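> Going from the sequence shown to my numbering is simple: count from 1 and add 7. Backbone N, C-alpha and C fix where the C-beta goes; we use that ideal spot for every residue, glycine too. Model, not experiment: these values are computed from the prediction. Starting off with a structure, shown below.
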Amino acid sequence: MTARIRTRGRHGQDADPAADARAGAALPTRGLRFLLARRRVLLRLTAWSVLETGQTFLIGYGPARALDEGFLRGRADVGLVWLAVTGLGVLLGAYGTARVYAAVAALVEPLRDRLVERVVTRGVRTGEAGSLSGLTQQVEIARDTFAGLVMVSRSFVFTAAGALAGLFTLAPPLLLVVGPPLIVGMALFAATLRPLARRQETFLVADEALAGDLGTVCPGLRDITATGAEAQIAAGTAERVEAELRAARALAHWGVLRVASLTIGGQLPIVLLLAAGPWLLSHGVTAGALVGALAYVTQSLLPALRNLIHGLGTSGSRLTVVLRRLTGTDSGTARPPDTGPAPGPGPSDATADHGAPPPAFSLASVTFAYGPASAPVVRDLDLTLPPGAHLAVVGPSGAGKSTLTALVAGLLAPSHGTVRVGGHPVPGPEAAAARVLIPQEAYVFSGTLAENLAYLRPGPVPGEELLAAAEAVGLAPLAERLGGLDARIDPAALSAGERQLIALTRAYLSHAPLALLDEATCHLDPGTEERAERAFAARPGGTLVVVAHRISSARRAGRVLVMDGRSTAYGSHEELMRSSGLYRDLVGSWTPAPARRESEPALALGDAYRVDAVAGPGLAGDGRHVVAHRPVGEVQAPGDLRDGGSLGREG
Numbered sequence: 008m009t010a011r012i013r014t015r016g017r018h019g020q021d022a023d024p025a026a027d028a029r030a031g032a033a034l035p036t037r038g039l040r041f042l043l044a045r046r047r048v049l050l051r052l053t054a055w056s057v058l059e060t061g062q063t064f065l066i067g068y069g070p071a072r073a074l075d076e077g078f079l080r081g082r083a084d085v086g087l088v089w090l091a092v093t094g095l096g097v098l099l100g101a102y103g104t105a106r107v108y109a110a111v112a113a114l115v116e117p118l119r120d121r122l123v124e125r126v127v128t129r130g131v132r133t134g135e136a137g138s139l140s141g142l143t144q145q146v147e148i149a150r151d152t153f154a155g156l157v158m159v160s161r162s163f164v165f166t167a168a169g170a171l172a173g174l175f176t177l178a179p180p181l182l183l184v185v186g187p188p189l190i191v192g193m194a195l196f197a198a199t200l201r202p203l204a205r206r207q208e209t210f211l212v213a214d215e216a217l218a219g220d221l222g223t224v225c226p227g228l229r230d231i232t233a234t235g236a237e238a239q240i241a242a243g244t245a246e247r248v249e250a251e252l253r254a255a256r257a258l259a260h261w262g263v264l265r266v267a268s269l270t271i272g273g274q275l276p277i278v279l280l281l282a283a284g285p286w287l288l289s290h291g292v293t294a295g296a297l298v299g300a301l302a303y304v305t306q307s308l309l310p311a312l313r314n315l316i317h318g319l320g321t322s323g324s325r326l327t328v329v330l331r332r333l334t335g336t337d338s339g340t341a342r343p344p345d346t347g348p349a350p351g352p353g354p355s356d357a358t359a360d361h362g363a364p365p366p367a368f369s370l371a372s373v374t375f376a377y378g379p380a381s382a383p384v385v386r387d388l389d390l391t392l393p394p395g396a397h398l399a400v401v402g403p404s405g406a407g408k409s410t411l412t413a414l415v416a417g418l419l420a421p422s423h424g425t426v427r428v429g430g431h432p433v434p435g436p437e438a439a440a441a442r443v444l445i446p447q448e449a450y451v452f453s454g455t456l457a458e459n460l461a462y463l464r465p466g467p468v469p470g471e472e473l474l475a476a477a478e479a480v481g482l483a484p485l486a487e488r489l490g491g492l493d494a495r496i497d498p499a500a501l502s503a504g505e506r507q508l509i510a511l512t513r514a515y516l517s518h519a520p521l522a523l524l525d526e527a528t529c530h531l532d533p534g535t536e537e538r539a540e541r542a543f544a545a546r547p548g549g550t551l552v553v554v555a556h557r558i559s560s561a562r563r564a565g566r567v568l569v570m571d572g573r574s575t576a577y578g579s580h581e582e583l584m585r586s587s588g589l590y591r592d593l594v595g596s597w598t599p600a601p602a603r604r605e606s607e608p609a610l611a612l613g614d615a616y617r618v619d620a621v622a623g624p625g626l627a628g629d630g631r632h633v634v635a636h637r638p639v640g641e642v643q644a645p646g647d648l649r650d651g652g653s654l655g656r657e658g
């Protein structure tokens, strides 16, 4: 099929640098206005955070005093009192933490409400398809991420203030050991924050672009294969994979600096405190103060710094991406590169060189087998079909009929030989644009009838053209019954024949001159099948190949190809009736049984087409004559051959 794989999203766009700059400046300004409008909430949040800071202060100061003034002096009661004070501070800090969550909720929920209002307003005004996704997913991401950023930022500020105040209170020299690496680590993190956020955002966009691409490609793999667009789709997907890989590598490189800042600011002070322990003790720092300093670093500063680095480094850029989209400051709508073949073939090389149109398709010494140890289904086949021809392909099950259409369509590659469509090699984008394949299992998707019919066209199709095609193929009664072109259809509610009619009309509307009907009418009644085939045969410049399951299809065709897995026969219906015993047998199985007679003329012994040497009524049993397998009156009534023409059942 000459399908154009079309996706809509916000990924992979050519960004406008000026728009990006305006968007980057708009978000901080809006954020500052939002916070200033909620000064009371911020003051309440600060007050409860100060109460929480008391816990941080006591977590190092209390044990230090318990050691210096209690346990190390043999005064266990004093030590226990200080530990009790520390425990009381932890309880008060827990109460403050609970109130902090309430204050954060009072700050975050208004943001969520404003985002929901904006998304709903934009969805109502523009009818944007992504509004529901924005409402149910992106708004929740923004709310949760914003709450997390407020918590980690507030926690680090007040935790660091409480810990540094405790260190200074215990012994000022402790600040000389803990302070410098903490400042260096924070400075390194601050220097990498902006480039790290940009690379995180780049990675998120690349990841979403790849996910969106795969979400479009994976459900349509059959259609992509049928269009011969594997190379284009693979190239586009590979480009997105490479883009995400480059973004991931850049993010990893800057992530190393993030880890380094955590190591310097949070873990190096522990090593320095232990290494400088003798020097500190010799300069008036008590053992309890040293233990308290270790508690401040391991229990307060290191966890707070880790949460800050991971929170701002990852969630901050994610929040920026989501807010830009929800507030409409994103730099436009993406239009990914077209991954489908061009709608309609251009002039072929053969036309340019010789001035005459190339064959609709040609096969040169084509051989195909489904495995290295399997017998070939198609062997040394040479076939050329001129433009405008009407070919029927017949044969028993497993003879290679569907295999032939798959080779012409590019779904299968021959073991030997070459296939060309419209003068172009198969597979290839030009050949894919020149043919449309309609398989037995028709593809219909949820949407309007008009969307299904215009699926293979690159742009809008006028309603008059859709109605004319529906009338020509025989879809008009079904379209009227469904409610017209704008009616939404449920594929599961349609019968197999109704789906085939929709798929046939879709193929009829395509620009591809070569139509391959691989038992695409097997679920239609004979009258509807005839109407559809005649419509395809009458298309201006159109060529039709039908894998026939009724002899009427072969009678209507100008040429017939008979396949039996070992050899082929080619000619008109009348020519094959004279020259091909297999074709006569196939036609005979479709002919109404004549009146029973006393005996039938026997064929010569040794006929190659599966008849047995037996004695029949009125015949001498000399072994030199044969009759058919069964009495003449028991031939198959007109109906489907049911010879398993789908690709999956071809041997």
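For A296, collect the residues of the same chain with a Cβ closer than 6 Å to its Cβ; drop the 5 residues on either side in sequence, then sort them by chain order.
Within the same chain, A296 has close Cβ partners A71, L177 and A178.
> Going straight from the alpha carbon of A259 to that of G273, what length do you get?
If I take the Cα positions, the gap works out to 20 Å.
> Per DSSP, what kind of secondary structure is T512 in: helix, strand or coil?
In the structure shown, T512 sits in a helix (DSSP, three-state: H, G or I).
> Nearest CA to the CA of R557: which residue from E540, G549 and G548?
Per the Cα distances, E540.
> By the 10 Å Cβ neighbour count, where 16 or more other Cβ atoms means buried, how is W286 classified, buried or exposed?
Under this definition W286 is an exposed residue.
> By how many angstroms is the C-alpha of G169 removed from the C-alpha of V146?
In a straight line, the C-alpha of V146 is about 34 Å away from that of G169.
> Comparing alpha-carbon positions, which option in R150, H530, E249 and S56 lies nearest E448?
For E448, the nearest C-alpha among the options comes from H530.
> Measure the alpha-carbon distance for A371 versus V594 and round it to whole angstroms.
So the two alpha carbons sit approximately 29 Å from each other.
> Use the C-beta contact count for L691: other C-beta atoms within 10 angstroms, 16 or more gives buried, fewer gives exposed.
This structure leaves residue 691 out entirely; the chain is present only between 8 and 658.
> Would you say G318 and G155 are within 8 Å of each other, going by their C-beta atoms?
Yes, the Cβ-Cβ distance between G318 and G155 is below 8 Å.
> Run through DSSP, which three-state label would V185 get?
Helix.
> Give, in chain order, every unbroken run of the alpha helix (DSSP H) that is at least 4 residues long and sits entirely within the stretch 262 to 307.
As far as the stretch 262 to 307 is concerned, its whole alpha helix (DSSP H) runs of at least 4 residues are 275 to 282, 284 to 289 and 294 to 303.
> In whole angstroms, what is the alpha-carbon distance linking L516 and A399?
In a straight line, the C-alpha of L516 is about 21 Å away from that of A399.
> Measuring CA to CA, which of L189, L482 and R591 is closest to E581?
Residue R591 is the option with its Cα nearest to E581.
> Nearest-angstrom Cα distance between Y577 and A564?
The alpha-carbon atoms of Y577 and A564 are separated by roughly 12 Å.
> Taking 8 Å as the CB-CB cut-off, is M158 touching chain B?
This model lacks chain B altogether, as it is built from one protein chain only.
> Could you please give me the residues that DSSP links to G454 through a beta bridge?
Per DSSP, I496.
> I believe D525 touches V554 by the beta-carbon criterion, under 8 Å. Please report the beta-carbon distance rounded to the nearest angstrom.
Between V554 and D525 the Cβ distance is about 5 Å, and since that is below 8 Å, they are a contact.
> Kindly indicate which residue of A439, L99 and S56 has the alpha-carbon position closest to the one of L418.
Among A439, L99 and S56, the Cα nearest to that of L418 is on A439.
> What are the boundary residues of the alpha helix (DSSP H) that H317 is part of?
Looking at the DSSP string, the run of the alpha helix (DSSP H) that includes H317 is L309 to H317.
> Which class does D387 belong to by DSSP, given the choice of helix, strand or coil?
Strand at D387.
> What are the start and end residues of the beta strand (DSSP E) that includes H580?
It is not in any beta strand (DSSP E) - H580 instead sits in the alpha helix (DSSP H) that spans H580 to S586.
> Nearest CA to the CA of I271: which residue from E237, Y303 and L312?
Ranking E237, Y303 and L312 by Cα distance to I271 puts L312 first.
> Measure the alpha-carbon distance for G490 versus L460 and round it to whole angstroms.
Their Cα atoms are separated by approximately 15 Å.
> Any idea what DSSP makes of A396, helix, strand or coil?
A396 falls in the coil class under three-state DSSP.
> Quick check on DSSP: helix, strand or coil for L74?
DSSP places L74 in helix when its eight states are reduced to three.
> Leaving aside the five residues before and after L279 along the sequence, list all residues of the same chain whose C-beta is less than 7 Å from its C-beta, in chain order.
Within the same chain, L279 has close Cβ partners V184 and P188.
> DSSP puts A576 in a beta bridge; with which residues?
Looking at the DSSP assignment, A576 forms a beta bridge with V569.
> What separation, rounded to the nearest whole angstrom, lies between the Cα atoms of G93 and L65?
It should be pointed out that residue 93 corresponds to Thr in this sequence rather than to Gly. Between T93 and L65, the C-alpha separation is close to 5 Å.
> Do you know offhand how far E246's Cα is from G466's?
Taking the straight line from one Cα to the other gives about 26 Å.
> Provide the residue(s) that pair with I240 in DSSP beta bridges, ordered along the chain.
In DSSP, I240 forms no bridge with anything.
> For the pair the stretch 75 to 89 and the stretch 105 to 119, tell me if three or more CB-CB distances fall below 8 Å.
Because the criterion of three Cβ pairs below 8 Å is not met, the stretch 75 to 89 and the stretch 105 to 119 do not touch.
> Do you know whose CA, among L122, D214, A283 and A396, lies nearest R37's CA?
Ranking the options by Cα distance to R37, first place goes to L122.
> Measuring only the C-alpha atoms, how far is L551 from K408?
Those two C-alpha atoms are separated by around 15 Å.
> In whole angstroms, what is the alpha-carbon distance linking F41 and M158?
Taking the straight line joining both Cα atoms gives about 17 Å.
> Pick out whichever of A101, G430, T60 and L315 has its Cα sitting closest to the Cα of T152.
When only C-alpha atoms are compared, the closest one is L315.
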